[in-house]
Ligand code: ADE
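In the numbering used here, the protein residues as written are 1316 to 1582.
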């Protein structure tokens, strides 16, 4: 897979090929990256890439033309390298949320080239987004100083789904693969500062371990991301046994919430 990243800070991207799973996959030739600086596509002495917003307001807006030229150059380079450009993505807190499903879809693209545009300042001229970008992507409901970290999150998440990047079946087991958050993990020692590893994990009983893990995943998902439980239910992915666990877990959560509200009422 080839990633072309439009950014004012190309050196920020270096960490991806320097550490961990993404480094190994890079060394194995599973992905390549090239940065394009919009400043290299300006024509004035100051190499201006931003200007004040029409209509007033704080901050600066990234101008359409340097970004459009950078995207065009990136697409041409992909084409020249025999890589089809699957999508042009712009990183922005106003985009659609990044999800496991979107990541897996991009990793599976036959075209195998992505262009990622990193915004800085207050935003990007909407006309560039309308004319040159396929999708806007947000990595969460918070505002970063720029799109670089978001683009790196996308690349990291996509790379680990490229064939051969992960050594084992990790990607099938991890969070979201089954539409649920993953449960807790434990390693040696069995007793750490008085806290024991849950006994099912020590039983050596595969079915019992699988049942315990499923229950933990359901409980955690219900507590932190109840909308994922609803989605799994709609897809028909919850068994009768799952529903029994969820009913009990729901009652326990309500009990805990009630106790803590009573306590804060007393205070
Ligand atoms: N740029 C700034 N904040 C962002 C966010 N939350 N997601 C993607 N890009 C961003």
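Don't be surprised by glycine CBs; every beta carbon is placed ideally from N, CA and C.
Could you tell me which of the options sits nearest to residue i, measuring between CA atoms?
| i | options | result |
| --- | --- | --- |
| residue 1571 | 1538, 1555, 1550 | 1538 |
| residue 1491 | 1374, 1533, 1463, 1462 | 1533 |
| residue 1500 | 1526, 1513, 1388, 1494 | 1513 |
| residue 1495 | 1336, 1445, 1415, 1321 | 1415 |
| residue 1358 | 1443, 1339, 1367, 1382 | 1382 |
| residue 1425 | 1400, 1333, 1347 | 1400 |
| residue 1367 | 1402, 1437, 1553, 1354 | 1437 |
| residue 1435 | 1386, 1544, 1324 | 1324 |
| residue 1427 | 1470, 1455, 1562 | 1470 |
| residue 1448 | 1479, 1387, 1317, 1341 | 1387 |
| residue 1338 | 1364, 1475, 1574 | 1475 |
| residue 1440 | 1463, 1379, 1418, 1481 | 1379 |
| residue 1497 | 1482, 1527, 1573 | 1527 |
| residue 1443 | 1418, 1468, 1403, 1327 | 1403 |
| residue 1481 | 1326, 1341, 1333, 1321 | 1341 |
| residue 1363 | 1518, 1355, 1559 | 1355 |
| residue 1385 | 1555, 1454, 1422, 1430 | 1430 |
| residue 1331 | 1525, 1465, 1408, 1352 | 1465 |
| residue 1326 | 1343, 1518, 1349 | 1349 |
| residue 1567 | 1555, 1535, 1457 | 1535 |
| residue 1269 | 1521, 1420, 1352, 1321 | With the chain running from 1316 to 1582 in the structure shown, residue 1269 is simply not present. |
Using DSSP with H/G/I as helix, E/B as strand and the rest coil, what is residue i?
| i | result |
| --- | --- |
| residue 1489 | coil |
| residue 1508 | coil |
| residue 1438 | strand |
| residue 1432 | strand |
| residue 1571 | helix |
| residue 1558 | helix |
| residue 1590 | Not covered by the structure: residue 1590. The range shown for the chain is 1316 to 1582. |
| residue 1461 | strand |
| residue 1364 | coil |
| residue 1514 | helix |
| residue 1480 | coil |
Name the two residues that bound the continuous beta strand (DSSP E) containing residue i.
| i | result |
| --- | --- |
| residue 1351 | 1347-1351 |
| residue 1616 | Because the chain is modelled from 1316 through 1582, residue 1616 falls outside the range shown and cannot be assessed. |
| residue 1391 | Here residue 1391 belongs to no beta strand (DSSP E); instead the alpha helix (DSSP H) covers 1379-1395. |
Tell me where the alpha helix (DSSP H) around residue i begins and ends.
| i | result |
| --- | --- |
| residue 1321 | Where residue 1321 is concerned, there is no enclosing alpha helix (DSSP H), although the beta strand (DSSP E) it sits in stretches over 1317-1321. |
| residue 1533 | 1521-1539 |
| residue 1337 | 1335-1342 |
| residue 1418 | 1415-1422 |
For my contact list, residue i and residue j are in at a C-beta cut-off of 8 Å; report their separation, rounded to the angstrom.
| i | j | result |
| --- | --- | --- |
| residue 1328 | residue 1467 | 7 Å |
| residue 1406 | residue 1462 | 3 Å |
| residue 1451 | residue 1410 | 3 Å |
| residue 1396 | residue 1317 | 7 Å |
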